[in-house]
Each structure stands twice: as C-alpha cells, then as structure tokens.
Amino acid sequence: MSVYNQPRKRVIQFIILGMVILMITRLFFLQVVEKKYSKLADANAVLRKVVYPSRGIIYDRKGRSVLSNDAMYDLVVTPINVKNIDTAYMCEILQIDKEEFRKRITNAIIKNGSRRVSVFASLLPPEMFGRLQESMYMFQPGFELVQRQIRSYPFNAAANILGYIGEVSPQMLQKPAYSAYNQGDYLGMTGLERTYESVLMGTRGIQYLVKDNLNRPQGPYEKGEFDTAAIAGKNLRLALDIDLQVLGEHLMRNKIGSIVAIDPRTGGILTMVSAPTFDPNLLTGSYRARNFSRLFVDTTKPLFNRAIQAGYPPGSSMKPLTALIGLDEGVITPSFGFPCGGAYTYCGRSIACTHHNAGHAANLRLAIANSCNAYFVHLYRLEVDASKWGGVKKGHQKWHDYVSSFGLGHRLGVDIPGESPGKAIDSAGMNKLYRGQWNSCSELYVGMGQGQVVATPMQMANAMCIIANKGYYYLPHFVDKIDNDDTELLKKFKEKHTVAHVSDSSYMPVIYGMEDVVERGTGVSAKIEGEIVCGKTGTAENNAIVNGKLTKLKNHSVFVAFAPRDNPKIAIAVIVENAGFGSTYAAPIASLIMEKYLHDTISVKRKPQMKTLLEYNTLDPVVREKSKLDSLNGASAKMTSDEILKLYFRD
Numbered sequence: 126m127s128v129y130n131q132p133r134k135r136v137i138q139f140i141i142l143g144m145v146i147l148m149i150t151r152l153f154f155l156q157v158v159e160k161k162y163s164k165l166a167d168a169n170a171v172l173r174k175v176v177y178p179s180r181g182i183i184y185d186r187k188g189r190s191v192l193s194n195d196a197m198y199d200l201v202v203t204p205i206n207v208k209n210i211d212t213a214y215m216c217e218i219l220q221i222d223k224e225e226f227r228k229r230i231t232n233a234i235i236k237n238g239s240r241r242v243s244v245f246a247s248l249l250p251p252e253m254f255g256r257l258q259e260s261m262y263m264f265q266p267g268f269e270l271v272q273r274q275i276r277s278y279p280f281n282a283a284a285n286i287l288g289y290i291g292e293v294s295p296q297m298l299q300k301p302a303y304s305a306y307n308q309g310d311y312l313g314m315t316g317l318e319r320t321y322e323s324v325l326m327g328t329r330g331i332q333y334l335v336k337d338n339l340n341r342p343q344g345p346y347e348k349g350e351f352d353t354a355a356i357a358g359k360n361l362r363l364a365l366d367i368d369l370q371v372l373g374e375h376l377m378r379n380k381i382g383s384i385v386a387i388d389p390r391t392g393g394i395l396t397m398v399s400a401p402t403f404d405p406n407l408l409t410g411s412y413r414a415r416n417f418s419r420l421f422v423d424t425t426k427p428l429f430n431r432a433i434q435a436g437y438p439p440g441s442s443m444k445p446l447t448a449l450i451g452l453d454e455g456v457i458t459p460s461f462g463f464p465c466g467g468a469y470t471y472c473g474r475s476i477a478c479t480h481h482n483a484g485h486a487a488n489l490r491l492a493i494a495n496s497c498n499a500y501f502v503h504l505y506r507l508e509v510d511a512s513k514w515g516g517v518k519k520g521h522q523k524w525h526d527y528v529s530s531f532g533l534g535h536r537l538g539v540d541i542p543g544e545s546p547g548k549a550i551d552s553a554g555m556n557k558l559y560r561g562q563w564n565s566c567s568e569l570y571v572g573m574g575q576g577q578v579v580a581t582p583m584q585m586a587n588a589m590c591i592i593a594n595k596g597y598y599y600l601p602h603f604v605d606k607i608d609n610d611d612t613e614l615l616k617k618f619k620e621k622h623t624v625a626h627v628s629d630s631s632y633m634p635v636i637y638g639m640e641d642v643v644e645r646g647t648g649v650s651a652k653i654e655g656e657i658v659c660g661k662t663g664t665a666e667n668n669a670i671v672n673g674k675l676t677k678l679k680n681h682s683v684f685v686a687f688a689p690r691d692n693p694k695i696a697i698a699v700i701v702e703n704a705g706f707g708s709t710y711a712a713p714i715a716s717l718i719m720e721k722y723l724h725d726t727i728s729v730k731r732k733p734q735m736k737t738l739l740e741y742n743t744l745d746p747v748v749r750e751k752s753k754l755d756s757l758n759g760a761s762a763k764m765t766s767d768e769i770l771k772l773y774f775r776d
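For what it's worth, our numbering labels the leading residue of the sequence shown as 126, then goes sequentially.
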C-alpha cells in the first residue's frame, strides 16, 4: 500500500478545501456584502479628513469662561504625495523662498517619514489662510488645510495656572502615555491644560469628502455614511475667582513674589499669583514659539511659578505652628510665659527680639501678638528636649512629624504640575548636617521660621487653612467639577485631612493672638472694616551666595491670614521679595484681596493705600533694565496706576 494511504489523503484534501472555502467566503463578504472598504478604497476620488474636536472650556467659580477656543488652520504635508505643484506660488503665499520650502519638506521626512502627515506651516494668519484656501486644489493631494482649536484669554490673566497647548513631539509619540496621539496633534503642556488633558482633549472625528478631477472637495461622501463625529472635550469648573486673580496680578506688578488664597472650607484655590507674570495670549497663535523663547530667557523668570515652585523661609508665619506643636505635646499651656528682655541668650549667642518691654511674652497670646522671637525659639527647645522622647534626636523627629502633618516639607498634590516639596529638616538631615553632633541649640531658628525650614506660598496658605479649621484641611486644588464626568480624578480633593488632634481650646489662644496682630499689632494694615481678620506678619531673612560669600540681602515681606475669625471663608499667604517688613506691603495686599472676596468690592477709603501698592516697585534696577517682559505683555503692562484704580473705584 502507498505511504499516502486513503484516510490521510482525504484529510489533507478536506483541510485544503476548507481553507479555500473560508477565503472565498471572506472575499465575498468584503467585496459584495460589506461595501465600506470597497467604497473607501478609491483614494483618487475620496479625501479622508481628520476633524479635531473643540477643546473643553475652563470656567471660574462664577461661571465665567477664563479661556475660549478660536479656529485657526495648519498647512500639513504628506511628502510622498507632493507632485507637480506650483511651488513658486505656494512660496509666494507663505512668504518663504524655495530653499526654505525644500528644507521644510526634508525636515518633515526626517521627522515623520515620507508617508506620514507633518505640519508644514502652523497656525496660519487669516490673510495667508484665505489665499491658500481658494487655491488649495493646486497643491493637492500632497498638502491639506487642517483646522486647529487655539486658546484665547479674555482676561489676560492666570497664565501659570491655565498653562498652554502645543504640538506633540516625536519623542512624546514614542512613549506609551501618548499612544492615543498622532503627529500634528496638540496637547496640554503645562498647568491645568496638562493635568486635565485626558478630559479636555475630546475625541477626533473622521470625514470623507468627494473630490473632483482637480482634487477639490465637492461634499460629503455617501452622505456622510462613513463619517465619525468629533466629540468635544469636557469643561472644567474652577474654584478660581478671576476677579481676584486680576486684582492680585495688578497689585503684584513690578514686584517679585506670590499670592495664594484658598477657601478653607473646601481647599479650592481662589487665586494664585506668581509675579512677574505674563499675558497667556503670548503663548497662542502663530507667534507662540518665538514668544516662549523670549519668556524663557527673560531675567524676571515669568515662566517660573513662584506660588508652588519657590521656597522661602516662612519667618514669623511659622510661629503659630510652633505654638500648636507645644500645646499638643503638652510642654506648655496657653498661660505659659517667657521673661524676654529683648533677646534670647540661652544657647551662647544672642537672638534679638523686636520687643524688650516687660510682659510682652507673658503668655502664648501675647507672644504671638508681639511676635517674640525668644519665646518661640525657646518653645522649639522645650518641644524637642521633652523627656518623654528620650533624647533630642527622637524629639526633633517628632517635631518634624508635626511639621509634615501641617503640610510642610513635602508636596501637597495641587492639580497643576511642577510643585516643589519645600524643606523641613528631620533627624537624619540633622545628623548629616552636623555629623551626628547636635542638640536643641543647633537649629533653634526653626521655631521662628528661619534656618532649615523652607515653604512655598501655597504651603503657607494651606497652614492657615488648618488653623482656620482648627485642625483639618483639604488638598489645595483648582478644579471643583468636570462637566459630565464620573471619573475619580477629583476624589482626593474631597477627602478631609485631620492633623495633630489639638483641641479647640488650644487653637483659640493662637487664633486670638493672630487677631491681636491685626487689631493692634504689626498687621494693622490688614484690617478690613466689618471683619475680624486673624493674621501674622513675617520678615523672612534673605541670604544668598554673592561672589562666593554668604551675603545678607533685603528681607522678604511675608503675611499670612484668614478671615473672618468665625466661620472663615478665605485663607491667604503673600510674599513680596526684597520688600522688608511684612506689615508694609504683604499685609495690605492680602487685606485688599480678602476684602474683595468677602465684600465683592473694595472700600473707597482704601484707594490711597491701593495706589501706593500699585506704584511700588521692588524689581532690582539691573533686572528691570534687562527684562523685555513689559514690551511683550503690551498694553496691559503699560496701564497707569490711575487707569487700574478706575477699574475698582468710581469717581
């Protein structure tokens, strides 16, 4: 019998027959039953066009759109399809020469390959777009006009908060996180645009158009049967108050520093000013790249968000936290006093206090009101040297744990990128700094907010939320709600964070002391008619390495506060660099912001004070001279103080 016996031969025949039947059936389905692929295969007659969705809008707390979408167009190219076009005419329209034309084609091939779409000319000015549109049939199929949604900013404010959008780069496309994007897509690069990119971006659509023999689109193919609609991005609803933001940016013009105001009841950020700032419209449209380069190298660093990235010694604004640690540990009571004669001399060196009159630190409330340095450095020593810890190293680590629970020394998790953790030295850091040989005198300055403790303005404002709420806070955030969204993106911002279970009775001496600061102490310039404001001025030492030497520079002006005392609605931190005492500039700026928020207006009595603040300039003359920011920002930067005052006061 043959090796190919009958049963095996038939099995092979059946297998081959089955495969043939399967292929014939599939081909019949594709070519006869399913019409889509056969119809769309005719590339010479059908144009496939990507439809980009409208990007989600961002609204402030009162429902006002702080940005909007405007339509512009990119000219895109598929290099392999560029054949027999009128190159000279295209160069005339685009205002380039033939060498630049060839360079752009070459760059497109190097960047994305000859068969992929690349941007040839981005965000065309209206006149250029009009000429191209009427002559587009002359440049097809290689070139195409693609509509883009670009942002515009009616309030010219909140640049570092909102962020900007830009084209996805080839390097990004190689990463799994950007697998949903194609070359030429735009996405959020910074700020809220970046954090909430997944909900703002929407979903692309596809439109098929019939072309005539001159490649001109004539209308939808098969009545749009195969089109897929673009789905608009979702809108964001912010806690931000755009009126406060504009006011804050006006008050901080010609200054370096920051304002952060938070609603302690929710953690919603009401305003976040980083100064100097810039007009967000600079980073949109056809001049975005050029403007970004100029902002990036400007001497005032307008792209640096000082509210969350700059670290400052908190100065005397730290003292209420030092008091709360001592109360919770039980090393003092509210009646604890310290005999300060004008300096602290217990550690072999003199630490000056601004007061020397007897009784100015007779109890905790008075010590806060008078901002007694001696009281609070001694209080730090009592906290870390407490016998129950069994040594200063464990005591200092316990102090660090308290400070960390108050939100210092680590990122809080705000919903814009770039946040700095600040610094709060722990026992391991002390061992490294002092090679294991240290005691409570080594870094006693942290009790008064100097030395090895650094905080961002947002961290300082959040600490005020904790005191205002008597022991809890919500993570600071901008976005309160996402329209038609049930994701858990915002879940963490709804969780209450309870810290150091200090009793209300222990909080009250601290709160009353802060009230006294404003009512009769160094913070009287922060008074608001009809409101009880609780605040703390600060003068943060400003040391820097200059020509290789540690040099003392002009101090930073610091003020932190919340209001009203009962049922607080706003907590705030203000830093004005190189401005001296906190009472001079930071306190009145904070007061104007709080009054505007609480009363929705500013008392006309404060017009002279506001005029002084608007005209005050803390910028270093050399830095100011080299900066090109005012010329970039345009008309808004050239407003006089009187013109700004007219926005807030009626004659």
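The C-beta atom is built at its ideal place from N, Cα and C for all residues, glycine as well.
- Note that the C-beta distance between L317 and Q308 is not below 8 Å.
- Bounds of any beta strand (DSSP E) do not take in G255; it lies within the alpha helix (DSSP H) bounded by P251 to E259.
- C-alpha of M583 to C-alpha of Q220: approximately 47 Å in a straight line.
- Apart from the 5 residues on each side of it in sequence, Y306 sits with its Cβ closer than 8 Å to the Cβ of V293, M297, L298 and L312 in its chain, given in chain order.
- Between V683 and G440, the gap from beta carbon to beta carbon is short of 8 Å.
- Judged by pairs of C-beta atoms under 8 Å, the segment 651-666 touches the segment 688-701, as three or more such pairs exist.
- With the rule of 3 Cβ pairs closer than 8 Å, the segment 549-561 counts as touching the segment 515-526.
- Closest in alpha carbon position to V398, among D199, A435 and P279, is A435.
- For I697, the enclosing beta strand (DSSP E) has its first and last residue at I695 to V701.
- Residue environment: I592 is assigned as buried (16 or more neighbouring CB atoms within 10 Å of its CB, all protein chains considered).
- With a cutoff of 8 Å on beta-carbon distance, F501 and M589 are scored as not near each other.
- The Cβ neighbour count for V136, taken over all protein chains shown within 10 Å, is under 16; the residue is labelled exposed.
- The straight-line gap separating the alpha-carbon atoms of H525 and I433 is approximately 21 Å.
- If the five residues before and after G410 are omitted, its C-beta is found closer than 8 Å to the C-beta atoms of M197, L248 and I275, all from its own chain and listed in chain order.
- Straight across, the Cα-Cα distance linking A712 with I331 is about 56 Å.
- Taking 8 Å as the cut-off, the beta carbon of I235 is found no closer than this to the beta carbon of V202.
- Within the DSSP bridge table, the entry for F684 names T662 and V699 as partners.
- Three or more beta-carbon pairs separated by less than 8 Å are not found between the segment 411-429 and the segment 563-579, which leaves the two stretches without contact.
- DSSP places E269 inside the beta strand (DSSP E), whose first and last residues are F268 to S277.
- According to DSSP, residue pairing for Q332 in a beta bridge involves K174.
- If you ignore the 5 residues before and after P546, its C-beta comes within less than 7 Å of the C-beta of G534, H535 and R536, all in its own chain and listed in chain order.
- Judged by DSSP in its simplified three-state form, T726 adopts coil rather than helix or strand.
- One alpha carbon belongs to H724, the other to A282, and they sit about 22 Å apart.
- Sequence-distant partners of S179 (beyond 5 residues in either direction) whose C-beta falls short of 6 Å from its own C-beta, in its chain, are N194, Q274 and A357.
- Within its own chain, the residues whose Cβ lies closer than 7 Å to the Cβ of F531, once the five positions on either side in sequence are excluded, are L446, A588, I591 and V624, listed in chain order.
- Taking every protein chain shown into account, the CB of F139 has fewer than 16 other CB atoms within 10 angstroms, so this residue is exposed.
- L533 sits in coil when the DSSP states are folded into three classes, being neither helix nor strand.
- Residue Y527 holds the alpha-carbon nearest to the alpha-carbon of D551 among Y527, V539 and D366.
- Assignment of beta-bridge partners to Y311 by DSSP yields E292.
- Here V191 carries a coil assignment [DSSP, helix/strand/coil].
- The closest CA to that of G181, considering only G393, K359 and R319, is found on K359.
- As the crow flies, the alpha-carbon of I714 is around 23 Å from that of N594.
- A straight line joining the alpha-carbon of S752 with that of D423 spans about 6 Å.
- Assignment of I381 by DSSP, reduced to helix, strand and coil, places it in the coil class.
- Bridge partners of A704 according to DSSP: none are assigned.
- Put simply, of C472, C465 and T470 the residue whose alpha carbon is nearest the alpha carbon of H481 is C465.
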